[in-house]
Amino acid sequence: MPIHRVQIYPGSALNLISTSALEEMGISPSKMSHRSVSIFGYDGSTQRPIGKIKFRLQVGDLIYDATVYAIKTPSCYNILFGRPWIHENGVIPSTLHQYIKFVGNADLIHRVFADKKPFKGKEIHFTDSQMYKDEKKGGNSILYRKSLERQR
92 MPIHRVQIYP GSALNLISTS ALEEMGISPS KMSHRSVSIF GYDGSTQRPI
142 GKIKFRLQVG DLIYDATVYA IKTPSCYNIL FGRPWIHENG VIPSTLHQYI
192 KFVGNADLIH RVFADKKPFK GKEIHFTDSQ MYKDEKKGGN SILYRKSLER
242 QR
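Counting in our numbering, the sequence shown runs from 92 upward without gaps.
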C-alpha cells in the first residue's frame with residue numbers, strides 16, 4: 092500500500108506517523124505498544140504518542156524496518172522520518188535537490204526523488220502545499236509492506 096507525503100527531516104529525533112495515516116491503513120491502536128514518553132514540538136509544546144509500531148517499508152530499492160510513534164495532530168505529512176531512520180539506513184537527504192541517496196545492493200548508489208506535486212485535491216488548503224502548486228506531477232512513494240509483530 093503506497094503512503095504519500097512523507098517528510099524526511101534530520102531535525103527530528105523520532106520517526107512519527109499521523110493517526111489519520113494509521114486509520115487509512117486499517118491499523119488499530121490496539122496493535123501498537125504503548126510508551127510513556129513525551130514528544131516536544133519545535134514550539135515547546137509536549138504530546139504523548141498514542142503508541143509505537145514497527146513497519147516493513149520500502150523506499151525505492153531500500154527495504155527496511157522502521158519504528159514509528161503515532162501522534163494525533165494535524166499535519167501535511169503522513170510520516171516524518173527523522174535521524175533514527177536516516178542514520179540506520181545510511182540515507183543522505185538533499186533538500187536542495189529534493190532527493191535522498193543511499194547505498195543499496197552490490198554497493199550501488201541509489202537516488203529516490205521527491206514527488207513534484209505531493210498534494211492532491213482537498214489537501215491543497217495546507218500552507219506547505221502552496222510551493223508545489225505549479226509543479227508537474229511525478230516522483231516516488233513509500234510502500235507500506237506489512238506491520239511487524241507488536242513491540243513489547
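Each residue gets a CB set at the ideal place from its N, CA and C atoms; glycine is no exception.
Just so we're clear, the structure is a prediction, and the values are computed from it rather than from any experiment.
- Message: Whether or not the segment 108-118 and the segment 160-167 are in contact is what I'm after, with contact meaning three or more pairs of Cβ atoms, one per stretch, closer than 8 angstroms; do they touch?
- Response: yes
- Query: Out of 198, 202, 176, which has the shortest C-alpha to C-alpha gap to residue 100?
  - Reply: Mapped onto the sequence shown, residue 100 falls at position 9. Among 198, 202, 176, the Cα nearest to that of residue 100 belongs to 176.
#### Entry: Close beta carbons around residue 195, own chain, < 6 angstroms, minus the five adjacent residues each side
As a first step, residue 195 must be located in the sequence shown, where it is residue number 104. Within its own chain, the residues whose Cβ lies closer than 6 angstroms to the Cβ of residue 195, once the five positions on either side in sequence are excluded, are 152, 201, listed in chain order.
Is the distance from the Cβ of residue 123 to the Cβ of residue 141 below 8 angstroms?
-> Residue mapping note: residue 123 aligns to position 32 of the sequence shown, counting from 1. Residue mapping note: residue 141 aligns to position 50 of the sequence shown, counting from 1. Yes, these two residues count as a Cβ contact at 8 angstroms.
- request: Determine the DSSP secondary structure at residue 141, reduced to helix, strand or coil.
  value: Looking up residue 141 in the sequence shown gives position 50. Of the three classes helix, strand and coil, the one that applies to residue 141 here is coil, per DSSP.
| Does DSSP put residue 163 in a helix, a strand or coil? | Indexing the sequence shown from 1 puts residue 163 at position 72. Coil at residue 163, not helix or strand.
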